[in-house]
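For reference, the structure discussed in these notes is given below.
Numbering (the numbering used here), first residue to last: 1 to 174.
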């Protein structure tokens, strides 16, 4: 079983994916980590050197390669589901959870780590908030295709995620 986590940056895909993997005995895979290992560059360096089209093509190739993983929680990049029919492929090849949070929560999380995210590094607070709002609006049609949505600002998020995994595992046994 493969479970793909989608959502905007700062929604907790990596953090919650690692927790979920540890609690379920599943493997945790971060798509961005696979890309940076393959290219031996950071995501920002790939964008700068090769452009977004190159990155999105590479991202799709890496996504398709995750089909070889069994029993894995796969954290996708924030834009992964929005390009090259990736969301359709995800839905056909695994289970999918959209991790979401209110804009103010995302803003707080991203503001905290702004210096570590090259794309956001030079934004003022207003620009950052506006960027988050516009990108989420643009990506929502893709994110909302996920059959399960979990708000990571809620204290019971872990319980909700574990319940979904348990249900999907039981469905597999039928």
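Note that CB positions come from ideal geometry on N, CA and C, so glycine has one too.
Span of the beta strand (DSSP E) holding residue i?
i          : result
residue 68 : First-last for residue 68: undefined, no H or E at that position.
Using only alpha-carbon positions, find the residue among the options that is nearest to residue i.
i           : options            : result
residue 4   : 172, 161, 170, 171 : 161
residue 147 : 133, 116, 88       : 88
residue 99  : 83, 119, 77, 39    : 77
residue 64  : 92, 24, 17         : 92
residue 80  : 139, 26, 156, 164  : 139
residue 103 : 127, 136, 86       : 136
residue 86  : 70, 50, 62, 69     : 62
residue 133 : 42, 30, 105        : 105
Since residue i is in the alpha helix (DSSP H), which residue starts that stretch and which ends it?
i          : result
residue 20 : 13-24
residue 34 : 31-39
So who's on the other strand from residue i, going by DSSP bridges?
i           : result
residue 149 : 98
residue 28  : 73
residue 5   : 75, 97
Would you mind sorting residue i into buried or exposed? The rule is 16 or more other CB atoms within 10 Å of its CB.
i           : result
residue 59  : buried
residue 7   : buried
residue 21  : buried
residue 141 : exposed
residue 143 : buried
residue 174 : Since pLDDT at residue 174 reaches only 47, below the 50 mark, its modelled position is unreliable, and the value read off the structure follows with that caveat. With fewer than 16 other Cβ atoms within 10 Å, it is exposed.
residue 48  : exposed
residue 37  : exposed
residue 155 : exposed
residue 124 : exposed
residue 13  : buried
residue 101 : buried
residue 115 : exposed
residue 109 : buried
(request) Return the chain-ordered ranges of every alpha helix (DSSP H) run that is complete within the stretch 78-135 and spans a minimum of 4 residues. (result) 86-93, 103-112
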